[in-house]
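Novice:
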Amino acid sequence: MSRIENIKYFALLEEFETSSKLLKLVFGELHNINLDNDFYFLRFLLLSQALERFMKSYICVVFFHKSNRLPDAGYVKGLGHDLEKLKDEIIKNYYYDFDRPQFKVDKEFILECNDLNELIYILSEFGKLSRYYNFDIITGNTWIGIDTWELWEKYENRLLDKTDYQKLLNFELDTEVYQKISRHIIMVFERFVSAL
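Here the numbering used here is used: the first residue of the sequence shown is 848, the next is one more, and so on.
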């Protein structure tokens, strides 16, 4: 079996470390969301970058184990910034369940978890087009991405119940609601990354 050249091996390792550090950073940032700190743009940017880098690194490793070589630049660039496409590529071509129950459960989660799929969709749209949404509006661009902030807000609101809305009106309790939302989102992404 071939070996990866040292420089490529360390570059790949650095990509995994970068994605890991970005995930830790953004998870911490998600915990800091509150009425005074609702700057989601940074969180979207960090989370979409972390997931893109992690999934591309994952693909490179499995590609190497399947073909005894790393993918070329054209293949990796062709994957683009579309997180949904990356996730689908992994499931179709790079995910092994090793005929073990836990891996099958993980694959089922990746394919069927509505929360994961919705969050990946939002971040994917952000990475492809929506990070420039305001400039598209300002400049009159006819090809405008979706408002990912609005989609994210709708997603968060679906996680809330009547009691949560009452807590949001109380300055001393509103942090509990933001923590509930953050914990849920972080758990979804932690499970996704560990499933891969």
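Glycine included, every Cβ here is placed at the ideal spot set by N, Cα and C.
Alpha carbon to alpha carbon, what distance is there between A1042 and R890?
Specialist: Taking the sequence shown and counting its residues from 1, one reaches residue 890 at position 43. Taking the sequence shown and counting its residues from 1, one reaches residue 1042 at position 195. Those two C-alpha atoms are separated by around 22 angstroms.
Novice: So the alpha helix (DSSP H) D919 belongs to, where does it begin and stop?
Specialist: Numbered from 1 along the sequence shown, position 72 holds the residue referred to as residue 919. Taken as a continuous stretch (DSSP letters only), D919 belongs to no alpha helix (DSSP H), as it is neither H nor E.
Novice: Below 8 angstroms, can you find three or more Cβ-Cβ pairs linking the stretch 946-953 to the stretch 972-980?
Specialist: Result no; under three Cβ-Cβ pairs closer than 8 angstroms.
Novice: Which whole-angstrom value is the C-beta distance of F1039 and I957, which I expect to be below 8 angstroms?
Specialist: Taking the first residue of the sequence shown as position 1, residue 1039 is located at position 192. Taking the first residue of the sequence shown as position 1, residue 957 is located at position 110. About 7 angstroms separates the two Cβ atoms, so the contact holds.
Novice: Taking the alpha helix (DSSP H) that N1004 belongs to, which residues open and close that run?
Specialist: Looking up residue 1004 in the sequence shown gives position 157. Here the alpha helix (DSSP H) through N1004 covers 995-1005.
Novice: Could you name each continuous beta strand (DSSP E) segment of 3 residues or more that falls completely within the stretch 936-967, going from the start of the chain to the end?
Specialist: Listed in chain order, there is nothing to give.
Novice: Closer than 8 angstroms is the cut-off here; do at least three beta carbon pairs connect the stretch 853-861 with the stretch 996-1011?
Specialist: With the cut-off at 8 angstroms, the stretch 853-861 and the stretch 996-1011 do not touch.
Novice: Using 8 angstroms as the threshold, is the stretch 863-878 in touch with the stretch 900-919, meaning 3 or more CB pairs across them?
Specialist: A contact exists between the stretch 863-878 and the stretch 900-919.
Novice: How far does the alpha helix (DSSP H) with S866 in it reach, from first residue to last?
Specialist: Indexing the sequence shown from 1 puts residue 866 at position 19. Note, S866: alpha helix (DSSP H), 853-878.
Novice: If you count every other CB in all the chains shown that lies within 10 Å of the CB of T995, and 16 or more means buried, which is it?
Specialist: Against the sequence shown, residue 995 aligns to sequence position 148. Per the 10 Å Cβ criterion, buried.
Novice: When you compare the CB positions of L917 and I851, do they come within less than 8 angstroms of one another, or not?
Specialist: Within the sequence shown, residue 917 is the residue found at index 70, counting from 1. Within the sequence shown, residue 851 is the residue found at index 4, counting from 1. Yes, these two residues count as a Cβ contact at 8 angstroms.
Novice: According to DSSP, is S849 part of a helix, a strand, or is it coil?
Specialist: Translated into positions along the sequence shown, residue 849 becomes position 2. In this structure, S849 counts as coil in the three-state DSSP scheme.
Novice: Do you know offhand how far T1010's Cα is from Q1026's?
Specialist: Within the sequence shown, the letter at position 163 stands for residue 1010. Within the sequence shown, the letter at position 179 stands for residue 1026. The alpha-carbon atoms of T1010 and Q1026 are separated by roughly 14 angstroms.
Novice: Leaving aside the five residues before and after F874 along the sequence, list all residues of the same chain whose C-beta is less than 7 angstroms from its C-beta, in chain order.
Specialist: Here the question's residue 874 lines up with position 27 in the sequence shown. Cβ within range, chain order: I1033.
Novice: Could you give the distance in angstroms between the alpha-carbon of N1017 and the alpha-carbon of L877?
Specialist: Residue mapping note: residue 1017 aligns to position 170 of the sequence shown, counting from 1. Residue mapping note: residue 877 aligns to position 30 of the sequence shown, counting from 1. Going from the Cα of N1017 to the Cα of L877 covers about 20 angstroms.
Novice: Could you tell me the distance, in whole angstroms, from the CA atom of K924 to the CA atom of L933?
Specialist: By 1-based counting over the sequence shown, the position of residue 924 is 77. By 1-based counting over the sequence shown, the position of residue 933 is 86. One C-alpha to the other measures close to 11 angstroms.
Novice: Using the C-alpha atoms, what's the distance from K939 back to N915?
Specialist: Residue numbering aside, residue 915 sits at position 68 when the sequence shown is read from its first letter. Residue numbering aside, residue 939 sits at position 92 when the sequence shown is read from its first letter. Going by the C-alpha atoms only, they are around 19 angstroms apart.
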